[in-house]
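Undergrad: First, the structure itself, so that you have it in front of you.
In our numbering, the protein residues as written are 597 to 896.
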């Protein structure tokens, strides 16, 4: 296997902190992870599930030659990887193609989030992109019908089904010898420890990673990605503002901008939460036994 190809993958789950983990891991001097696909800043090649997402997703790599090019600058790095969250949901195609192109010794990292919370976070994400026009309750009731009958709809609308982790995780554990499971709540509560645990898993030296950037838990959503970019890149013009505006004015300006161009995410109704907990209950119990982790807090 070429040293310029991945020896680890982050395979999911969607809306569970994979973007943040990707950003933290790639800061390590021994790690290479691509950040651009077709000259677009996006972390996910999605190559190993190209058949499952064809027509449903815009940006993905559809051939192995282009996939290899993503890692052409990785030679010399001991750890090479990528993160594509659809690898977990479309696990059958993903595992088959991973084995074919990368072999059996690749390391797998999976972040799992409370599936009830993950479902709503995914809904808010899809709503932000204007691909969702139903209320949350309607959307989860007809997700199977929508996905089956609309060949162009994003896989992200599988709000419930993408949270049925047991079968997906079991398949990866049975297919690869090195699989690391991270719980989203552990990642949020102790990010540095979670990142260093991944360094241990990847057999590279621990190092202090600046993890001050907020892990995206989906509190508010931007009305337009242009405003999001401006807000996230404010450090570039902050030096100038410091010269002309006092601190209290800068704080008020920052707060106004954020509140003006973001919307509050939808909240979950009590009866909807109860329905989803019941929907996921047996899968959570099976998953808990499989990964030997107490997940009772997901059932509350």
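The beta-carbon is built from N, C-alpha and C at its ideal position, and this holds for glycine as well.
Is residue 842 buried or exposed, if buried means 16 or more other CB atoms sit within 10 Å of its CB?
TA: Numbered from 1 along the chain shown, position 246 holds the residue referred to as residue 842. Per the 10 Å Cβ criterion, exposed.
Undergrad: According to DSSP, is residue 881 part of a helix, a strand, or is it coil?
TA: Position 285 of the chain shown holds residue 881. Looking at residue 881 - three-state DSSP - the assignment turns out to be helix.
Undergrad: By Cβ distance, which residues of its chain are closer than 8 Å to residue 747, with the 5 residues on each side in sequence left out?
TA: By one-based count along the chain shown, residue 747 stands at place 151. The residues are 651 and 652.
Undergrad: Under the rule that 16 or more other beta-carbon atoms within 10 Å means buried, what is residue 885, buried or exposed?
TA: By one-based count along the chain shown, residue 885 stands at place 289. Counting Cβ neighbours within 10 Å, residue 885 comes out exposed, since fewer than 16 surround it.
Undergrad: Taking only beta-carbon atoms, is residue 723 less than 7 Å away from chain D?
TA: Going by chain labels, chain D is absent from the structure shown, which holds only one protein chain.
Undergrad: Looking at residue 879: is its Cβ nearer than 7 Å to the Cβ of residue 779?
TA: Taking the chain shown and counting its residues from 1, one reaches residue 879 at position 283. Taking the chain shown and counting its residues from 1, one reaches residue 779 at position 183. Their beta carbons are not under 7 Å apart, which means residue 879 does not touch residue 779 by this criterion.
Undergrad: To the nearest angstrom, how far is it from the Cα of residue 874 to the Cα of residue 646?
TA: Looking up residue 874 in the chain shown gives position 278. Looking up residue 646 in the chain shown gives position 50. The straight-line gap from Cα to Cα measures roughly 33 Å.
Undergrad: Label residue 709 either buried or exposed according to how many other C-beta atoms from any shown protein chain fall within 10 Å of its C-beta, with 16 as the threshold for buried.
TA: For this step, residue 709 is matched to residue 113 along the chain shown. Classification of residue 709: buried, given that the 10 Å Cβ count is 16 or more.
Undergrad: Enumerated in chain order, which unbroken segments of the alpha helix (DSSP H) with a length of 4 residues or greater are wholly contained in the stretch 640-675?
TA: DSSP runs (the alpha helix (DSSP H)) wholly in the stretch 640-675: 646-649 and 660-665.
Undergrad: DSSP on residue 779, reduced to helix/strand/coil?
TA: Translated into the one-based positions of the chain shown, residue 779 becomes position 183. It is a strand residue.
Undergrad: Can you find the residues in the same chain that come closer than 8 Å, C-beta to C-beta, to residue 767, ignoring five residues on each side of it along the sequence?
TA: Residue numbering aside, residue 767 sits at position 171 when the chain shown is read from its first letter. Taken in chain order, the residues that qualify are 687, 688 and 691.
Undergrad: Whole angstroms are fine: how far does the CA of residue 696 sit from the CA of residue 712?
TA: As a working note, residue 712 is residue 116 in the chain shown. As a working note, residue 696 is residue 100 in the chain shown. Roughly 34 Å between the two C-alpha positions.
Undergrad: Mapping the DSSP letters down to three states, classify residue 728 as helix, strand or coil.
TA: The residue given as residue 728 occupies position 132 in the chain shown. The answer is coil: DSSP assigns residue 728 none of H, G, I, E or B.
Undergrad: Does the distance from the C-beta atom of residue 661 to that of residue 629 stay below 7 Å?
TA: For the purposes of this step, residue 661 is identified with residue 65 of the chain shown, where counting begins at 1. For the purposes of this step, residue 629 is identified with residue 33 of the chain shown, where counting begins at 1. Contact: no.
Undergrad: With 16 as the cutoff for other CB atoms within 10 Å, does residue 904 come out buried or exposed?
TA: The requested residue 904 is not part of the displayed model; the chain covers only 597 to 896.
Undergrad: Would DSSP call residue 632 helix, strand or coil?
TA: Translated into positions along the chain shown, residue 632 becomes position 36. If DSSP states are grouped into helix, strand and coil, residue 632 belongs with the strands.
Undergrad: With the cut-off set at 7 Å, would you say residue 758 and residue 722 are in Cβ contact?
TA: Sequence index remark: in the chain shown, residue 758 carries index 162 (1-based). Sequence index remark: in the chain shown, residue 722 carries index 126 (1-based). Not in contact: residue 758 and residue 722 (Cβ atoms no closer than 7 Å).
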